[in-house]
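All residue numbers for the sequence shown refer to the numbering used here, where the first residue is 2 and numbers rise by one.
Each residue gets a CB set at the ideal place from its N, CA and C atoms; glycine is no exception.
Everything numeric in this text was worked out from a predicted model, so none of it was measured.
Down below is the structure, laid out as structure tokens.
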Amino acid sequence: MKLHLRSSITLLPPPHEKADDGQVIEDWSRGLDWVKWLLGSVRARTELLMVEGGTMPMSAAWEEFAEGSMRVAIGPALKSAWRSAQAGDLDGLIAADLVLSSELSDAAARRSTRAGAVLLKSTKNARYQAVLGRLREAVEQGRCEGHIAVVWAAVGHFFQLSLTNVIAEYLLLEWDILTRDEPSLTPPVGKFGVAGLTSQIMHEATAESVLRVVDA
Numbered sequence: 002m003k004l005h006l007r008s009s010i011t012l013l014p015p016p017h018e019k020a021d022d023g024q025v026i027e028d029w030s031r032g033l034d035w036v037k038w039l040l041g042s043v044r045a046r047t048e049l050l051m052v053e054g055g056t057m058p059m060s061a062a063w064e065e066f067a068e069g070s071m072r073v074a075i076g077p078a079l080k081s082a083w084r085s086a087q088a089g090d091l092d093g094l095i096a097a098d099l100v101l102s103s104e105l106s107d108a109a110a111r112r113s114t115r116a117g118a119v120l121l122k123s124t125k126n127a128r129y130q131a132v133l134g135r136l137r138e139a140v141e142q143g144r145c146e147g148h149i150a151v152v153w154a155a156v157g158h159f160f161q162l163s164l165t166n167v168i169a170e171y172l173l174l175e176w177d178i179l180t181r182d183e184p185s186l187t188p189p190v191g192k193f194g195v196a197g198l199t200s201q202i203m204h205e206a207t208a209e210s211v212l213r214v215v216d217a
């Protein structure tokens, strides 16, 4: 599928710029439109992401993903990367990316970095990129791979999305890609639904937070 790509992105003003409430709301609305477009771009260019269905039913593949790579690798990476982006911490983003490289299979890592490259390319001309722009440079310099979870967390923070929204939107992206050929399939609810999984991931302690508690 060939998409008509937008050539540039103009986003929310940086914190030191003044704007009235109406302008802020208008800019925020445009930002949300861009988020949907960016993830749609990834969806259109990605045949398979982290959910590996194979011959098993989609519901079983989703549950395996939820209990496996999402909970063990992707979820913690989203949390760590979003918090690093919030702090303007490039080293933290690179560290989260390197951890993912060590945790994913070779095939999954290739799919992850290809999807991450789509997001990086789509936001290349954005203004006020801050740590997102520095992450792009780090990927171009070979300092990290640019996995989709890390890039998306940085992009999500760039668009002022909360960590909860970043996790939920990632799960929706995975579900939409998995069910591309069966769009009428009812999304799971409860423990394996987007809301349930997001809540679980938000409340699970990361290795970093556990270390902080132990050190204290």
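Within a Cβ cutoff of 8 Å, which residues of the same chain sit near Ile178, ignoring the five residues on either side of it in sequence?
Arg44, Thr47, Glu48, Leu49, Leu50 and Val52
List the endpoints of the continuous alpha helix (DSSP H) containing Ile168.
Leu164 to Leu179
Q) When DSSP builds the beta bridges, which residues end up paired with Ala97? A) Paired residues: none, contrary to the question.
Q) Can you tell me the Cα-Cα spacing of Leu186 and Thr199, whole angstroms? A) 20 Å
Self-check item: Length of the line joining the Cα atoms of Ala67 and Val152
Solution: 20 Å
Discussion item. Quick check on the burial criterion: 16 or more other C-beta atoms within 10 angstroms. Buried or exposed for Val156?
Written reply: buried
Exercise. Spatial neighbours of Ala139 within its chain, please: CB distance less than 7 Å, with the 5 preceding and 5 following residues excluded, ordered by chain position.
Key: Leu91, Ile95 and Cys145
Practice problem: Measure the C-alpha to C-alpha separation of Asp28 and Gly147 and round it to an integer number of angstroms. | Solution: Low confidence applies to Asp28: its pLDDT is 47, below 50, so where it sits in the model is not reliable enough to give any reading.
Which of helix, strand or coil does DSSP assign to Thr199?
-> helix
| Exposed or buried, what is Glu175 when buried is set at 16 or more other beta-carbons lying within 10 Å of its beta-carbon? | buried
- Item | Residue burial classification, Lys125 (beta-carbon count within 10 angstroms, cutoff 16) | exposed
message = Using the Cβ count rule (16 or more neighbours within 10 Å means buried), how would you classify Ser103?
response = exposed
Supposed close pair Ala86, His158 - CB separation, criterion 8 Å
4 Å
In angstroms, rounded to a whole number, what distance separates the CA positions of Pro188 and Ser60? 9 Å
| field | Met71 versus Ala108: straight-line alpha-carbon distance, rounded | value | 16 Å
- Query: Among Leu99, Ala150 and Arg128, which residue has its Cα nearest to the Cα of Val119?
  - Reply: Ala150
Q) On the three-state DSSP scale, how would you describe Ala127? A) strand
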